[in-house]
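A short worksheet on the structure shown next.
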Amino acid sequence: MGILISGRGSNMEAILVAVKKQNIPVNPTVVISNNENAKGLKIAQRLGVKTEIVPSSGFKGSRWDYDRKIIRVLQKHEVTPNNGLVCLAGFMRIISPGFIRKYKNRILNIHPAILPSFAGLHAQRQALDYGVKFSGCTVHFVDVGVDTGPIILQSPVQVRDGDTEETLSKRILQREHKIYPQAVRLVAEGKVTIMGRKTIIRNLDR
Ligand code: GAR
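Here is the structure:
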């Protein structure tokens, strides 16, 4: 498994800790960041996972040129389209159709809203501005749209009067740290089948 990050890396940490503690049947071989200053890089190293930086700032080529570099790093660490899983964990780049096609149904993402509401950037602020009473988070397979792929797990979080972007984000994040490792386990154990837009999950009882 490879994990792609851009910053803090708290979802990455939740996945890495859960993989170890709860015996999730995946082998995290690499954490890749597009940002050399990502805090998550140090956390990954502390947890004994190799890290790589593929800088995106100042990169002159196309999106696909950049993603080909990521794919080369994934393959170097034996994260292949057949046996590998790629988790986007706060990776703040749109990935190219070429990457998605190559790792078809092997790329997961977490988004801090109940999709399809509030896709894209600043999901928690969008939810507050809209005035919804519940938001939450979603783990989904990545397809060629932005935050549109088949949904694996969602968890609702109540919006409180007086919530700010910060307070709501914090409560959603706690939930993200639960459902992302759960989703990784379900996919790793082969319990998730994709049927068009839907996923069917066997034994959703843990
Ligand atoms: C998380 O809240 C994640 O859901 C969000 O970025 C944050 C990353 O935090 N992702 C997106 O908004 C993607 N559209 P982390 O680096 O601590 O995991």
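Under this note's numbering, the first residue of the sequence shown is numbered 38, with each subsequent residue one higher. No residue lacks a Cβ here, since even glycine has one placed at the ideal position from N, Cα and C.
Check: Validate contact between the region 140–148 and the region 103–123 using beta carbons, cut 8 Å, 3 pairs; Outcome: yes
Check: Contact test: H148 Cβ vs the ligand GAR heavy atom, cutoff 7 Å; Outcome: yes
Check: Separation of K57 from E226, as counted between CA atoms; Outcome: 15 Å
Check: Within 8 Å, strictly: CB atoms of A55 and P193; Outcome: no
Check: Distance cut-off 7 Å: R130 Cβ against heavy atoms of the ligand GAR; Outcome: no
Check: Closer than 8 Å to chain B by CB, G85; Outcome: The structure shown has no chain B; it contains just one protein chain.
Check: Residue from I132, R130 and F178 with nearest C-alpha to I147; Outcome: F178
Check: Which of helix, strand or coil DSSP assigns to S192; Outcome: strand
Check: Classification of T236 by the beta-carbon crowding that lies within 10 angstroms, buried from 16 upward; Outcome: buried
Check: Close Cβ partners of K76 (< 7 Å) along its chain, the five nearest in sequence each way excluded; Outcome: G44, R45 and G46
Check: Complete beta strand (DSSP E) runs within the region 57–132 (minimum length 3 residues, chain order); Outcome: 67–70, 87–90 and 123–125
Check: Member of I231, N48 and I216 whose CA lies at the smallest distance from the CA of G127; Outcome: N48
Check: Inter-residue Cα distance where the pair is L125 and L145; Outcome: 6 Å
Check: beta-carbon R212 near the ligand GAR non-hydrogen atom, thresh 7 Å; Outcome: no
Check: With 16 other Cβ atoms within 10 Å as the buried cut-off, status of Y99; Outcome: The sequence given here places Ser at residue 99; Tyr does not occur at that position. It counts as exposed.
Check: Burial state of F136 (16 or more Cβ within 10 Å); Outcome: buried
Check: DSSP state of G173 mapped onto helix, strand, coil; Outcome: strand
Check: Separation of S133 from T88, as counted between CA atoms; Outcome: 22 Å
Check: For Y167 and L223, the rounded distance between their alpha carbons; Outcome: 32 Å
Check: Own chain partners of I209 with C-beta closer than 7 Å, once the 5 adjacent residues on each side are dropped; Outcome: P149, Q161, S172, G173, C174 and V194
Check: For F136, three-class secondary structure by DSSP; Outcome: helix
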